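Peer 1: Take this structure first; my questions come after.
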Amino acid sequence: MRHVKQLDKGRKFGYPVMRIETLPGGGVHNTLTRTRTALIIAVIAVSLIIAGGLTMVPVPEQVPTQAQNPDIHPEPVDGLRSAIDATLEGGVPDDLSQSKPKLQVAPDAEVIAGEDADVPYLQPHAVPVPAAETVTPNIVREPLLPPPDGVVREADVPILMYHYISEPPAGADKIRIGLSVPPSAFEGHLRYLKEHGYHTISLHQLLLHLTRGEPLPEKPIILTFDDGYRDNYENAFPLLQKYGFTATFFLITNFIDEGRPAYLTWNQVKQLARSGNEIGAHSRDHPDLRGKDTDFLVWQILGSKEAIQNGAGITPRFFSYPSGKYDENTIAILASAHYWGAVTVKQGVHQSSAKPFELQRIRIDGSYGVNELDWLLNYYLEP
(Lines of atoms letter the chains of each structure in order from A and count residues from 1; the text may use other names and numbers.)
(Lines give C-alpha, C1' and ligand atoms only; values in the text may rest on other atoms or scores of the structure.)
Protein backbone atom coordinates (compact mmCIF):
# COMPACT_ATOMS: atom_id res chain seq x y z
CA MET A 1 0.00 0.00 0.00
CA ARG A 2 1.21 3.49 -0.79
CA HIS A 3 0.62 6.43 1.48
CA VAL A 4 -0.42 9.61 -0.30
CA LYS A 5 -0.42 13.08 1.16
CA GLN A 6 -1.63 16.25 -0.55
CA LEU A 7 0.06 19.40 0.70
CA ASP A 8 -2.51 21.99 -0.35
CA LYS A 9 -1.33 24.85 1.81
CA GLY A 10 1.52 25.52 -0.56
CA ARG A 11 -0.94 27.19 -2.93
CA LYS A 12 -0.67 30.37 -0.90
CA PHE A 13 3.05 30.57 -1.49
CA GLY A 14 2.80 31.58 -5.14
CA TYR A 15 4.22 28.24 -6.26
CA PRO A 16 2.22 25.15 -7.30
CA VAL A 17 1.30 22.27 -5.06
CA MET A 18 3.29 19.05 -4.75
CA ARG A 19 1.56 15.73 -4.15
CA ILE A 20 3.88 13.06 -2.76
CA GLU A 21 3.42 9.29 -2.58
CA THR A 22 5.74 7.23 -0.42
CA LEU A 23 6.09 3.50 0.07
CA PRO A 24 5.81 1.92 3.54
CA GLY A 25 9.29 1.66 5.03
CA GLY A 26 10.61 4.47 2.82
CA GLY A 27 11.69 2.29 -0.12
CA VAL A 28 13.96 4.20 -2.50
CA HIS A 29 16.02 3.82 -5.64
CA ASN A 30 19.68 3.23 -4.89
CA THR A 31 21.50 4.92 -7.78
CA LEU A 32 21.25 8.03 -9.88
CA THR A 33 20.44 5.91 -12.92
CA ARG A 34 17.34 4.60 -11.14
CA THR A 35 15.70 8.00 -11.05
CA ARG A 36 14.02 7.43 -14.38
CA THR A 37 10.54 7.71 -12.88
CA ALA A 38 11.37 11.08 -11.40
CA LEU A 39 13.04 12.17 -14.63
CA ILE A 40 9.99 11.25 -16.70
CA ILE A 41 7.81 13.26 -14.34
CA ALA A 42 10.27 16.15 -14.48
CA VAL A 43 10.26 16.06 -18.30
CA ILE A 44 6.45 16.13 -18.28
CA ALA A 45 6.57 19.00 -15.81
CA VAL A 46 8.95 21.00 -17.99
CA SER A 47 6.74 20.33 -21.02
CA LEU A 48 3.72 21.56 -19.07
CA ILE A 49 5.64 24.66 -18.02
CA ILE A 50 6.43 25.47 -21.64
CA ALA A 51 2.94 24.64 -22.90
CA GLY A 52 0.73 25.95 -20.15
CA GLY A 53 2.70 28.06 -17.73
CA LEU A 54 2.90 25.54 -14.91
CA THR A 55 5.51 25.31 -12.18
CA MET A 56 6.27 23.47 -8.93
CA VAL A 57 6.00 24.36 -5.27
CA PRO A 58 8.94 23.59 -3.02
CA VAL A 59 7.10 21.64 -0.33
CA PRO A 60 9.41 19.55 1.88
CA GLU A 61 8.57 15.90 2.27
CA GLN A 62 7.30 14.82 5.70
CA VAL A 63 8.59 11.38 6.53
CA PRO A 64 8.53 9.37 9.78
CA THR A 65 11.31 10.13 12.19
CA GLN A 66 13.84 7.54 13.27
CA ALA A 67 12.11 7.38 16.65
CA GLN A 68 8.90 6.29 14.91
CA ASN A 69 10.67 3.75 12.75
CA PRO A 70 14.34 3.04 13.50
CA ASP A 71 14.82 1.44 10.08
CA ILE A 72 14.10 4.66 8.23
CA HIS A 73 17.01 6.84 7.13
CA PRO A 74 16.06 10.53 7.02
CA GLU A 75 16.85 10.76 3.31
CA PRO A 76 17.73 8.23 0.58
CA VAL A 77 21.48 8.22 -0.01
CA ASP A 78 21.46 7.58 -3.73
CA GLY A 79 18.33 8.97 -5.33
CA LEU A 80 14.79 10.23 -5.25
CA ARG A 81 12.00 8.10 -3.80
CA SER A 82 10.79 5.47 -6.24
CA ALA A 83 7.15 6.39 -5.80
CA ILE A 84 7.32 10.18 -6.11
CA ASP A 85 4.36 11.51 -8.09
CA ALA A 86 4.28 15.29 -8.36
CA THR A 87 1.25 17.06 -9.81
CA LEU A 88 1.70 20.68 -10.69
CA GLU A 89 -0.77 23.53 -10.37
CA GLY A 90 -0.46 27.29 -10.65
CA GLY A 91 1.56 29.64 -12.80
CA VAL A 92 5.16 30.66 -13.22
CA PRO A 93 5.87 33.76 -11.11
CA ASP A 94 6.15 36.69 -13.50
CA ASP A 95 8.71 38.46 -11.34
CA LEU A 96 11.28 35.66 -11.20
CA SER A 97 14.10 37.89 -12.37
CA GLN A 98 13.11 41.04 -10.50
CA SER A 99 15.09 42.18 -7.50
CA LYS A 100 15.73 45.16 -5.26
CA PRO A 101 18.12 47.67 -6.87
CA LYS A 102 21.67 46.43 -6.51
CA LEU A 103 24.40 48.14 -4.54
CA GLN A 104 26.96 49.42 -7.02
CA VAL A 105 30.02 47.23 -6.70
CA ALA A 106 32.68 46.10 -9.12
CA PRO A 107 31.46 43.22 -11.35
CA ASP A 108 32.99 39.83 -10.72
CA ALA A 109 32.25 36.17 -11.20
CA GLU A 110 29.46 36.06 -8.63
CA VAL A 111 28.01 39.55 -8.38
CA ILE A 112 25.50 40.20 -11.16
CA ALA A 113 22.70 37.82 -12.15
CA GLY A 114 20.57 37.84 -15.29
CA GLU A 115 21.62 39.63 -18.44
CA ASP A 116 23.25 42.64 -16.77
CA ALA A 117 26.78 41.68 -17.67
CA ASP A 118 29.00 39.09 -19.24
CA VAL A 119 29.85 37.18 -16.07
CA PRO A 120 32.70 34.68 -16.27
CA TYR A 121 32.27 31.23 -14.75
CA LEU A 122 34.60 28.95 -12.88
CA GLN A 123 35.82 26.57 -15.54
CA PRO A 124 37.35 23.14 -14.90
CA HIS A 125 41.08 23.22 -15.51
CA ALA A 126 43.91 20.78 -15.31
CA VAL A 127 45.56 20.64 -11.89
CA PRO A 128 47.71 18.04 -10.17
CA VAL A 129 45.36 15.59 -8.50
CA PRO A 130 46.67 13.97 -5.30
CA ALA A 131 45.55 10.53 -4.25
CA ALA A 132 42.02 10.61 -2.88
CA GLU A 133 41.81 10.31 0.88
CA THR A 134 39.84 7.59 2.57
CA VAL A 135 36.54 8.85 3.93
CA THR A 136 34.98 7.12 6.88
CA PRO A 137 31.17 7.10 6.56
CA ASN A 138 29.60 9.26 9.23
CA ILE A 139 25.92 9.92 8.68
CA VAL A 140 24.93 13.21 10.31
CA ARG A 141 21.30 13.07 11.44
CA GLU A 142 19.44 16.21 10.50
CA PRO A 143 16.07 17.63 11.52
CA LEU A 144 13.21 17.43 9.08
CA LEU A 145 11.44 20.55 7.92
CA PRO A 146 7.70 20.60 8.69
CA PRO A 147 5.38 21.56 5.83
CA PRO A 148 4.40 25.21 5.48
CA ASP A 149 1.36 26.28 7.49
CA GLY A 150 -0.04 28.33 4.63
CA VAL A 151 0.88 31.73 6.09
CA VAL A 152 3.09 33.96 3.96
CA ARG A 153 5.79 35.45 6.20
CA GLU A 154 8.55 37.90 5.44
CA ALA A 155 11.67 38.85 7.36
CA ASP A 156 14.67 41.09 6.83
CA VAL A 157 17.57 38.75 7.55
CA PRO A 158 20.99 39.53 6.02
CA ILE A 159 22.78 36.63 4.34
CA LEU A 160 26.41 37.55 3.71
CA MET A 161 28.19 35.96 0.73
CA TYR A 162 31.91 35.17 1.01
CA HIS A 163 34.27 33.18 -1.22
CA TYR A 164 38.02 33.00 -0.48
CA ILE A 165 39.24 33.89 3.00
CA SER A 166 42.87 34.52 2.09
CA GLU A 167 45.16 37.06 0.51
CA PRO A 168 44.93 36.98 -3.30
CA PRO A 169 47.99 35.42 -4.93
CA ALA A 170 50.57 37.52 -6.76
CA GLY A 171 49.35 38.49 -10.20
CA ALA A 172 45.69 37.81 -9.36
CA ASP A 173 43.12 39.34 -11.71
CA LYS A 174 40.30 41.66 -10.63
CA ILE A 175 37.88 38.78 -10.19
CA ARG A 176 40.13 36.87 -7.80
CA ILE A 177 40.98 40.03 -5.88
CA GLY A 178 37.28 40.85 -5.49
CA LEU A 179 36.51 37.35 -4.24
CA SER A 180 39.38 37.25 -1.70
CA VAL A 181 38.76 38.61 1.81
CA PRO A 182 42.00 38.64 3.85
CA PRO A 183 41.75 36.74 7.17
CA SER A 184 42.45 39.94 9.12
CA ALA A 185 39.54 41.70 7.39
CA PHE A 186 37.29 38.69 7.95
CA GLU A 187 38.12 38.70 11.65
CA GLY A 188 37.25 42.38 11.72
CA HIS A 189 33.84 41.55 10.26
CA LEU A 190 33.24 38.88 12.90
CA ARG A 191 34.36 41.15 15.71
CA TYR A 192 32.01 43.85 14.46
CA LEU A 193 29.07 41.41 14.31
CA LYS A 194 29.82 40.17 17.82
CA GLU A 195 30.13 43.66 19.29
CA HIS A 196 26.89 44.77 17.64
CA GLY A 197 24.82 41.87 18.96
CA TYR A 198 24.36 39.77 15.83
CA HIS A 199 23.61 36.05 16.14
CA THR A 200 24.39 33.63 13.33
CA ILE A 201 21.62 31.26 12.29
CA SER A 202 21.34 28.58 9.61
CA LEU A 203 19.24 28.66 6.46
CA HIS A 204 17.25 25.86 8.05
CA GLN A 205 16.37 28.13 10.99
CA LEU A 206 15.41 30.92 8.60
CA LEU A 207 13.07 28.63 6.68
CA LEU A 208 11.49 27.34 9.89
CA HIS A 209 10.78 30.95 10.79
CA LEU A 210 9.32 31.75 7.37
CA THR A 211 7.24 28.59 7.04
CA ARG A 212 6.21 27.94 10.65
CA GLY A 213 6.75 31.19 12.49
CA GLU A 214 9.45 29.74 14.75
CA PRO A 215 11.26 32.53 16.61
CA LEU A 216 14.69 33.81 15.63
CA PRO A 217 17.28 35.35 17.95
CA GLU A 218 17.70 39.09 18.08
CA LYS A 219 19.60 40.49 15.07
CA PRO A 220 19.92 37.21 13.14
CA ILE A 221 22.46 36.94 10.34
CA ILE A 222 23.61 34.12 8.05
CA LEU A 223 27.19 33.74 6.81
CA THR A 224 27.64 31.80 3.56
CA PHE A 225 30.73 30.67 1.66
CA ASP A 226 30.46 29.72 -2.01
CA ASP A 227 32.60 27.17 -3.90
CA GLY A 228 34.14 25.22 -1.01
CA TYR A 229 37.69 26.57 -0.93
CA ARG A 230 40.16 24.99 1.45
CA ASP A 231 40.97 28.34 3.02
CA ASN A 232 37.40 28.33 4.35
CA TYR A 233 38.49 25.47 6.60
CA GLU A 234 42.03 26.67 7.28
CA ASN A 235 41.32 30.38 7.84
CA ALA A 236 37.59 31.04 8.25
CA PHE A 237 36.65 28.04 10.40
CA PRO A 238 39.03 28.83 13.33
CA LEU A 239 37.83 32.44 13.38
CA LEU A 240 34.19 31.37 13.34
CA GLN A 241 34.87 29.15 16.34
CA LYS A 242 36.76 31.94 18.11
CA TYR A 243 33.73 34.25 17.94
CA GLY A 244 31.10 31.57 18.50
CA PHE A 245 29.62 31.80 15.00
CA THR A 246 28.51 29.21 12.45
CA ALA A 247 28.12 29.40 8.68
CA THR A 248 26.79 27.65 5.58
CA PHE A 249 29.29 26.24 3.07
CA PHE A 250 28.20 25.62 -0.54
CA LEU A 251 30.32 23.00 -2.31
CA ILE A 252 31.29 22.39 -5.95
CA THR A 253 31.37 18.64 -5.52
CA ASN A 254 33.35 17.50 -8.58
CA PHE A 255 36.28 19.63 -7.47
CA ILE A 256 36.29 17.88 -4.10
CA ASP A 257 35.88 14.43 -5.66
CA GLU A 258 38.85 15.16 -7.93
CA GLY A 259 41.01 16.10 -4.95
CA ARG A 260 41.87 19.58 -6.19
CA PRO A 261 44.26 21.10 -3.66
CA ALA A 262 42.51 24.49 -3.53
CA TYR A 263 39.26 22.89 -2.37
CA LEU A 264 38.00 21.20 0.78
CA THR A 265 38.33 17.48 1.40
CA TRP A 266 35.39 15.36 2.49
CA ASN A 267 36.91 14.85 5.92
CA GLN A 268 37.16 18.62 6.32
CA VAL A 269 33.53 18.94 5.24
CA LYS A 270 32.52 16.41 7.88
CA GLN A 271 34.41 18.30 10.56
CA LEU A 272 32.69 21.55 9.57
CA ALA A 273 29.30 19.84 9.86
CA ARG A 274 30.12 18.25 13.21
CA SER A 275 30.94 21.71 14.55
CA GLY A 276 27.44 22.98 13.82
CA ASN A 277 27.96 24.43 10.36
CA GLU A 278 25.50 23.87 7.51
CA ILE A 279 26.55 22.21 4.25
CA GLY A 280 24.88 23.09 0.95
CA ALA A 281 25.35 22.25 -2.73
CA HIS A 282 26.74 24.55 -5.44
CA SER A 283 26.41 22.10 -8.38
CA ARG A 284 28.92 19.56 -9.67
CA ASP A 285 31.16 21.88 -11.70
CA HIS A 286 29.69 25.41 -11.57
CA PRO A 287 27.84 25.82 -14.91
CA ASP A 288 25.19 28.27 -16.02
CA LEU A 289 21.94 26.42 -15.22
CA ARG A 290 19.63 28.51 -17.40
CA GLY A 291 18.00 26.93 -20.43
CA LYS A 292 19.42 23.47 -19.78
CA ASP A 293 17.60 20.19 -20.38
CA THR A 294 16.28 18.02 -17.57
CA ASP A 295 19.10 15.47 -17.65
CA PHE A 296 21.72 18.20 -17.28
CA LEU A 297 19.87 19.86 -14.40
CA VAL A 298 19.35 16.55 -12.60
CA TRP A 299 23.03 15.71 -13.01
CA GLN A 300 24.11 19.04 -11.53
CA ILE A 301 21.44 19.40 -8.82
CA LEU A 302 20.66 15.87 -7.68
CA GLY A 303 24.19 14.76 -8.53
CA SER A 304 25.82 17.32 -6.24
CA LYS A 305 23.38 16.41 -3.48
CA GLU A 306 24.26 12.72 -3.76
CA ALA A 307 27.98 13.50 -3.91
CA ILE A 308 27.71 15.26 -0.54
CA GLN A 309 25.67 12.38 0.87
CA ASN A 310 28.23 9.85 -0.34
CA GLY A 311 31.32 11.89 0.56
CA ALA A 312 30.31 13.26 3.95
CA GLY A 313 27.11 11.48 5.00
CA ILE A 314 25.22 14.78 4.99
CA THR A 315 21.97 15.60 3.20
CA PRO A 316 22.21 19.14 1.80
CA ARG A 317 18.88 20.95 1.81
CA PHE A 318 19.95 24.28 0.33
CA PHE A 319 21.51 25.22 -3.00
CA SER A 320 23.52 28.18 -4.25
CA TYR A 321 23.06 28.97 -7.95
CA PRO A 322 26.43 29.05 -9.77
CA SER A 323 27.10 32.70 -10.64
CA GLY A 324 23.49 33.39 -9.70
CA LYS A 325 22.21 31.89 -12.97
CA TYR A 326 18.90 29.99 -12.85
CA ASP A 327 15.38 29.86 -14.30
CA GLU A 328 12.00 28.35 -13.41
CA ASN A 329 13.08 24.90 -14.61
CA THR A 330 16.04 25.03 -12.24
CA ILE A 331 13.67 25.74 -9.35
CA ALA A 332 11.37 22.88 -10.42
CA ILE A 333 14.23 20.36 -10.41
CA LEU A 334 15.49 21.64 -7.04
CA ALA A 335 12.04 21.12 -5.54
CA SER A 336 11.69 17.64 -7.06
CA ALA A 337 15.10 16.71 -5.63
CA HIS A 338 13.85 17.63 -2.14
CA TYR A 339 15.84 20.79 -1.62
CA TRP A 340 14.15 23.25 0.71
CA GLY A 341 15.50 26.52 -0.66
CA ALA A 342 18.25 28.30 -2.55
CA VAL A 343 20.29 31.49 -2.34
CA THR A 344 20.84 33.94 -5.18
CA VAL A 345 23.26 36.80 -5.82
CA LYS A 346 20.43 39.33 -5.75
CA GLN A 347 21.46 42.10 -3.39
CA GLY A 348 19.12 42.48 -0.44
CA VAL A 349 17.97 41.16 2.92
CA HIS A 350 14.22 40.76 2.38
CA GLN A 351 13.37 37.06 2.64
CA SER A 352 9.90 35.64 2.01
CA SER A 353 8.21 32.28 2.48
CA ALA A 354 6.72 32.89 -0.98
CA LYS A 355 10.21 32.64 -2.51
CA PRO A 356 12.30 30.08 -0.61
CA PHE A 357 14.30 29.37 -3.79
CA GLU A 358 15.17 33.05 -4.31
CA LEU A 359 16.73 34.11 -1.02
CA GLN A 360 18.64 37.39 -1.27
CA ARG A 361 22.22 37.94 -0.13
CA ILE A 362 24.76 40.71 0.40
CA ARG A 363 27.96 40.08 -1.49
CA ILE A 364 31.15 40.88 0.46
CA ASP A 365 33.95 42.22 -1.72
CA GLY A 366 37.58 41.60 -0.87
CA SER A 367 38.10 45.32 -0.30
CA TYR A 368 35.36 45.64 2.33
CA GLY A 369 36.46 46.45 5.84
CA VAL A 370 34.39 47.07 8.95
CA ASN A 371 33.18 50.48 7.73
CA GLU A 372 31.82 49.00 4.51
CA LEU A 373 30.12 46.15 6.37
CA ASP A 374 28.54 48.62 8.78
CA TRP A 375 27.29 50.75 5.88
CA LEU A 376 25.83 47.74 4.05
CA LEU A 377 23.94 46.41 7.06
CA ASN A 378 22.57 49.84 7.93
CA TYR A 379 21.59 50.47 4.31
CA TYR A 380 19.57 47.27 4.01
CA LEU A 381 18.21 46.98 7.55
CA GLU A 382 17.16 50.55 8.26
CA PRO A 383 13.38 51.08 7.86
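Its first residue numbered 102, the sequence shown is counted upward by one per residue in the numbering used here.
Here a beta-carbon is modelled for each residue, glycine too, at the ideal position from N, C-alpha and C.
Values in this document were obtained by computation on a predicted structure and should not be read as measured data.
#1: Out of L460, I322, V450 and D332, state which residue places its alpha-carbon closest to the alpha-carbon of Y293.
#2: Could you check which residue in N368, S285, H310 and K275 has the C-alpha nearest to that of G251?
#3: Am I right that L373 and I380 are in contact with their C-beta atoms under 8 angstroms? What's the rounded C-beta distance?
#4: Less than 8 angstroms separating the beta-carbons of Y265 and Y330?
#5: Please name the residue or residues paired with L352 in a DSSP beta bridge.
#6: Quick one: what's got a C-beta closer than 7 angstroms to F458's C-beta in the same chain, skipping five residues either side?
#7: Enumerate in chain order the residues of its own chain whose CB-to-CB distance from E483 is below 6 angstroms, with the five nearest sequence positions on each side excluded.
#8: Comparing alpha-carbon positions, which option in I276, H297, S267 and G272 lies nearest P284?
#9: In three-state terms, what does DSSP make of F458?
#10: Starting from D257, follow its DSSP beta bridges and name the residues at the other end.
#11: Select from V399, N378 and S453 the residue whose C-alpha is nearest the C-alpha of H439.
#12: For a test of the three-state rule: what should DSSP assign to A433, helix, strand or coil?
#13: Roughly how many angstroms separate the alpha carbons of H300 and G314, rounded to a whole number?
#14: My guess is that A382 and P417 are in contact by the Cβ rule of under 8 angstroms, so how many angstroms apart are they, rounded?
#15: For F356, which residues from the same chain have a beta carbon less than 6 angstroms from its beta carbon, with the 5 sequence-adjacent residues on both sides left out?
#16: Any idea which residues DSSP pairs T301 with across the strands?
#17: What residue range is occupied by the uninterrupted beta strand (DSSP E) comprising E421?
#18: On the premise that R385 lies in contact with G414, defined as a C-beta separation below 8 angstroms, what is that separation, rounded to the nearest angstrom?
#19: Take K254 and list the residues in its own chain whose beta-carbon comes closer than 8 angstroms to its own, dropping the five residues that flank it on each side.
#20: Under 8 angstroms between the Cβ atoms of V450 and D257?
#21: So, for L317: in the same chain, excluding its five sequence neighbours on each side, which residues have a beta-carbon less than 7 angstroms away from its beta-carbon?
#22: By alpha-carbon positions, which one of K343, L340 and Y334 ends up nearest to F350?
#23: Taking all protein chains shown into account, decide if A286 is buried (16 or more other Cβ within 10 angstroms of its Cβ) or exposed.
#24: Just the C-alpha distance for L308 and T325, rounded to the nearest angstrom, thanks.
#25: Does DSSP put T395 in a helix, in a strand, or in coil?
Peer 2: Answer, in terms of the structure:
#1: As a position in the sequence shown, residue 293 is number 192, starting the count at 1. Ranking the options by Cα distance to Y293, first place goes to I322.
#2: One-based indexing of the sequence shown puts residue 251 at position 150. Put simply, of N368, S285, H310 and K275 the residue whose alpha carbon is nearest the alpha carbon of G251 is H310.
#3: In the sequence shown, residue 373 corresponds to position 272, counting from 1. In the sequence shown, residue 380 corresponds to position 279, counting from 1. 7 angstroms between Cβ atoms; contact.
#4: Reading the sequence shown from its first residue, position 164 is the one you call residue 265. Reading the sequence shown from its first residue, position 229 is the one you call residue 330. Yes.
#5: Numbered from 1 along the sequence shown, position 251 holds the residue referred to as residue 352. Under the DSSP definition of a beta bridge, L352 partners with D328 and A382.
#6: To locate residue 458, count along the sequence shown from 1; it is residue 357. Once the five neighbours on either side are set aside, the close Cβ partners of F458 are P159, I432, L435, G442 and A443.
#7: Here residue 483 corresponds to residue number 382 of the sequence shown, with the count starting at 1. Within the same chain, and ignoring the five residues on either side of E483 in sequence, no residue has its Cβ closer than 6 angstroms to its Cβ.
#8: Position 183 of the sequence shown holds residue 284. The option with the nearest alpha carbon to P284 is S267.
#9: Indexing the sequence shown from 1 puts residue 458 at position 357. Three-state DSSP puts F458 in coil, outside helix and strand.
#10: Taking the first residue of the sequence shown as 1, we reach residue 257 at position 156. The partner list for D257 (beta bridge, DSSP) reads H451.
#11: For the purposes of this step, residue 439 is taken as the residue at position 338 of the sequence shown. Across the set V399, N378 and S453, the C-alpha of V399 shows the shortest separation from the C-alpha of H439.
#12: Counting from one through the sequence shown, the residue named residue 433 turns up at place 332. Of the three classes helix, strand and coil, the one that applies to A433 here is helix, per DSSP.
#13: Locating residue 300 in the sequence shown gives position 199, where the first residue counts as 1. Locating residue 314 in the sequence shown gives position 213, where the first residue counts as 1. Those two C-alpha atoms are separated by around 18 angstroms.
#14: Position 281 of the sequence shown, counted from the start, is the residue given in the question as residue 382. Position 316 of the sequence shown, counted from the start, is the residue given in the question as residue 417. The distance from the Cβ of A382 to that of P417 is about 5 angstroms, consistent with a contact at the 8 angstroms cut-off.
#15: As a working mapping, residue 356 is identified with position 255 in the sequence shown. Correct list, in chain order: Y364.
#16: For the purposes of this step, residue 301 is taken as the residue at position 200 of the sequence shown. I322.
#17: Along the sequence shown, one-based indexing puts residue 421 at 320. The identity of residue 421 in the sequence shown is Ser, whereas the question assumes Glu. Segment F419 to S421, the beta strand (DSSP E) holding S421.
#18: Counting from 1 along the sequence shown, the entry for residue 414 is found at position 313. Counting from 1 along the sequence shown, the entry for residue 385 is found at position 284. Contact flag wrong, Cβ pair sits at about 19 angstroms.
#19: Numbered from its first residue, the sequence shown carries residue 254 at position 153. Checking the displayed sequence, the identity of residue 254 turns out to be Arg instead of Lys. Excluding positions up to five away in sequence, the list reads H310, L311, T312, G314, S453 and S454.
#20: Position 349 of the sequence shown, counting from 1, holds the residue named residue 450. Position 156 of the sequence shown, counting from 1, holds the residue named residue 257. V450 places its beta carbon less than 8 angstroms from that of D257.
#21: The residue you call residue 317 lines up with position 216 of the sequence shown. Taken in chain order, the residues that qualify are I302, Q306 and H310.
#22: Working through the sequence shown from its first residue, we reach residue 350 at position 249. Of the candidates K343, L340 and Y334, the one whose C-alpha sits nearest the C-alpha of F350 is Y334.
#23: Start at 1 with the first residue of the sequence shown, and residue 286 comes out as number 185. With 16 or more Cβ atoms within 10 Å of its Cβ, A286 is classed as buried.
#24: Mapped onto the sequence shown, residue 308 falls at position 207. Mapped onto the sequence shown, residue 325 falls at position 224. When rounded, the separation of the alpha-carbon atoms in L308 and T325 is 15 angstroms.
#25: Position 294 of the sequence shown holds residue 395. Shown here, T395 sits in a helix according to DSSP, grouped into three states.
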